[in-house]
Each structure stands twice: as C-alpha cells, then as structure tokens.
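The sequence shown maps to residues 2 to 364 in this note's numbering.
The beta-carbon is built from N, C-alpha and C at its ideal position, and this holds for glycine as well.
What follows is a set of notes on a single structure, which appears directly below.
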Amino acid sequence: MKTIGIIGAGQLGLMLTEEAHRLGLRTVCLDPSAEAPAFAVADEAIVAAYDDAAALEELCRRSDAVTYEFENVPGEVLVPLVERYNIPQGFRPLYDSQDRLREKTNAREHGLLTPGFEAVDDETSLRAAVGRLGLPAVLKTRTLGYDGHGQRVLRSEEDIEAALPLLSVPCILEQFVPFDFEASIVMVSDGERVVSFPVGRNIHRDGILDLCVVPAEVDPEILARMRRESERFMRACGYRGILAIEYFVRGGEIYFNEMAPRPHNSGHYTIEGATTNQYRELARYLAGMPLEEPRLVAPTVMKNILGQDLEAAREVAAEGRQGVYVHLYGKRESRPKRKMGHITFVGMTAREYEAAWASRFVE
Ligand SMILES: Nc1ncnc2c1ncn2[C@@H]1O[C@H](COP(=O)(O)OP(=O)(O)O)[C@@H](O)[C@H]1O
Ligand SMILES: [Mg+2]
C-alpha cells in the first residue's frame, strides 16, 4: 500500500486524505497544530513546525511520494529533501509562487498577461510606482499574504498615507483591475498530459472567496482561451502535479492574478460537481496512476462557510436536501472569517442559489 506524505494538515490535507483512501492509499501529514483537521483522518501524524528539517525528513522517509498543501515551506529545508526523496512537484512551483513579485514576473515571462506591477520597499519607491502605475492600485506584501490579508487598495493620497505601515516588509504595487469577474482553473499534469477542471467564476467578499459558480456563465470563448493559456503556461514552466491559477477578466482581457501549486478553494466544487475531483487527480498523480479527464456533472455552486455561517451550515446539513453536500472541517475554534467548511449545491445555477439560499447565510 502506497503512502502519500502531506506537508500541512488543514482542510486541503483532509480532503486529499479522503480521496487518497478511496484510491487505496495511506497518508501521513505534518502540521504544527495537533488539532489540524486532516489529523482526524490521516493514517499517521507528525506534529512539527514547517521548518523543522528533521521532522520533514521523517515525513519523507515514511512516504512513497510527498506533496504540500501549505505554501510557505522554506526552500532551505525543502530543497535538500527534493534531492533525496520523491517530492515529484519539486520546490520550483512553490518557489515561483511564494513571492508575488517573482510570481507575476514568472507569469509574464511565460506568456500570461498581468496587471502592471512594481516592487516597492519604502515611501519613495511607493510614490514613484504610484506615479507610473496610477491610482487606484493595490499594495500587497510580497510574501505570506492570504485571504486578503496583507493588502490594501489605494484610491487617494490618504490611502497612501494609511498604507505606509505595510512597507515594513517588501511589497508589490499592482494596478487595480476593475474586472468584470474573477475566475480560476485547476490543472493536474503528469509531465505529459494536462487535465483541467472546468473554470469556476469566483465571487469574493472582504478578500475571501465566498462563492464559486460552475459553469462560469460567461463568454465561452474567454473560458476556452483561459484554459488554453493556462495549460500552455503549466507546460512552459515544466510544472507537474497540481496547479491552480486565479484570473481577473475585463472585456476580452484575461489577467493572471496569482497561482498555487496545491488544491484550491475554488476547486472544492469538483468533489461532487465533477466526475473526478482535484484531490483525486492529485492523489492519482502522486501514486503514479493515469490521470482522468474531468467532466462537470451538472451546474454547481460552492459556498464557503466561514465562522459566522457555521450554525446555518449545520441546519442545512440536517435538512439532508438532494444535491446539497455540507462539508465541515472539524476545526476546534470557530472565528468570523475563518474557513470552517463549505457547501456544494449540485444541479444549481447562480441565480437559483441567490433566490433560494443566499439569505440563509450572513450578508
Ligand atoms: N490588482 C487587483 N485589482 C482588483 N482586485 C484585486 C487586485 N488584487 C487583488 N484584488 C482582490 O483581492 C482578492 C485577494 O487578492 P489576491 O491577490 O488573490 O490575494 P490572496 O492571496 O489574499 O487571495 C482578489 O481575489 C480580488 O478580489
Ligand atoms: Mg487570491
């Protein structure tokens, strides 16, 4: 029986473990928190920091193939392990995505369109960048940002003043894209074939994903182009395993926003909404099984459940409605804005969701 090692034991590790089990695989997860969700289902647990070289080595020793659901594993500890153990995605896609400046530069160099951007390190370089890129713009920390943390939209002189404290760490200034919509794609590659999941249209609230709607219900030509360009990008970069890319679409233009070499929140819908899902295909890749091309089962809406929606989600679960799949991650502590679960509505359009379900959750 093969064992998959997972760096991180959050909800992504939880769902990856569940799919690994369905394929007859075992998992061992490493996470600094003994209460992390995936430990409830993983076959083995290692509680240790992400930069604990000895613990990561132990994870590798116990695994036939290792992957990561956590993006900020330092290269100093991962690179030596990549040379000695089977970490088939390697360090490169993590390295390319850990720093927003490097990430956008890499996207551009491999043929994708990005919003204008510049590195900024202090007030002088910020003001010079604002002069060239114009306002509105978005100031983001180059590393460690997630769910809208570590970024501010700048629309005025007052916003610039208020954003200066962010510059205590290296930042990037990006042009603000007044997008028509946001979308994302998840792909899995074995180095030869690339399979991609149907593009989702993403609706964020306070910088956090709220809904993912599939099919995206937008111009199919744009979606086809997004898929072609994404697959070409993944091949051009030589990435293997899983890659998710977030885009902004404005008119006929598709702007790369960011990428992640791990399962993606927007891809949760694939578990019930598609014939195979992002976790299953990643597990198949890691276990050396042939990849399977996904198909959408029916129109699907995925709703993220944050702390403030947990009670409502429990009620929805108890109703046991057809096509409504409630996932709760079992996190001990619930907080507003913390991802506690998600609900997948299979056989539902965005309009039907808005009419029948949206009011059940906190505005
Ligand atoms: N340049 C931009 N123009 C317009 N909206 C943006 C821009 N950058 C970020 N946003 C908004 O903020 C959200 C979070 O930003 P993102 O760069 O994806 O960081 P995170 O790592 O927090 O997901 C995006 O999904 C989008 O809604
Ligand atoms: Mg994002």
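Is there at least one non-hydrogen atom of ligand 1 closer than 7 Å to the beta-carbon of residue i?
{"i": "Gly117", "result": "no"}
{"i": "Asp181", "result": "no"}
{"i": "Phe249", "result": "yes"}
{"i": "Gly268", "result": "no"}
{"i": "Val139", "result": "yes"}
{"i": "Gly135", "result": "no"}
{"i": "Gln152", "result": "yes"}
{"i": "Gln99", "result": "no"}
{"i": "Gly201", "result": "no"}
{"i": "Gln176", "result": "yes"}
{"i": "Gly289", "result": "no"}
{"i": "Gly252", "result": "no"}
Could you tell me which of the options sits nearest to residue i, measuring between CA atoms?
{"i": "Gln279", "options": "Ile8, Leu15, Val363 and Gln176", "result": "Leu15"}
{"i": "Gly331", "options": "Val187, Asp123 and Glu36", "result": "Glu36"}
{"i": "Asp100", "options": "Tyr69, Asn107, Leu60 and Thr144", "result": "Thr144"}
{"i": "His265", "options": "Glu59, Met303, Arg103 and Gly253", "result": "Met303"}
{"i": "Pro116", "options": "Arg128, Leu134, Asp211 and Pro166", "result": "Leu134"}
{"i": "Asp32", "options": "Pro38, Glu110 and Ala10", "result": "Ala10"}
{"i": "Ala237", "options": "Arg194, Cys213, Val347 and Ala184", "result": "Arg194"}
{"i": "Val200", "options": "Gln176, Gly208 and Ile255", "result": "Ile255"}
{"i": "His269", "options": "Ser231, Asn203 and Arg128", "result": "Asn203"}
{"i": "Leu210", "options": "Lys338, Glu58 and Ala43", "result": "Lys338"}
{"i": "Pro262", "options": "Ala56, Tyr69 and Ala43", "result": "Tyr69"}
Suppose you measure from the CA of residue i to the CA of residue j; what does that come to, to the nearest Å?
{"i": "Val250", "j": "Ala163", "result": "29 Å"}
{"i": "Gly321", "j": "Ile161", "result": "49 Å"}
{"i": "His1", "j": "Thr125", "result": "As displayed, the chain neither begins before 2 nor continues past 364, which places residue 1 out of reach and without an answer."}
{"i": "Arg27", "j": "Cys172", "result": "40 Å"}
{"i": "Val219", "j": "Asp181", "result": "10 Å"}
{"i": "Tyr147", "j": "Ala284", "result": "25 Å"}
{"i": "Glu312", "j": "Ala318", "result": "10 Å"}
{"i": "Glu20", "j": "Arg281", "result": "5 Å"}
{"i": "Ser190", "j": "Ile243", "result": "7 Å"}
{"i": "Leu60", "j": "Ile47", "result": "7 Å"}
{"i": "Leu24", "j": "Tyr86", "result": "22 Å"}
{"i": "Glu84", "j": "Leu287", "result": "17 Å"}
Would you verify that the beta carbon of residue i is, or is not, closer than 8 Å to some beta carbon of chain E?
{"i": "Leu165", "result": "No chain E appears in this structure, which consists of one protein chain only."}
At 3 residues or longer, what runs of the beta strand (DSSP E) sit wholly inside the region 39-117?
45-48 and 66-69
Could you name the residues whose beta carbon sits closer than 6 Å to any heavy atom belonging to ligand 2, keeping them in chain order?
The chain-ordered list of residues whose CB is nearer than 6 Å to some heavy atom of ligand 2 reads Glu247 and Glu259.
Taking only runs that begin and end inside the region 113-150, name each unbroken alpha helix (DSSP H) of 4 or more residues, in chain order.
124-134
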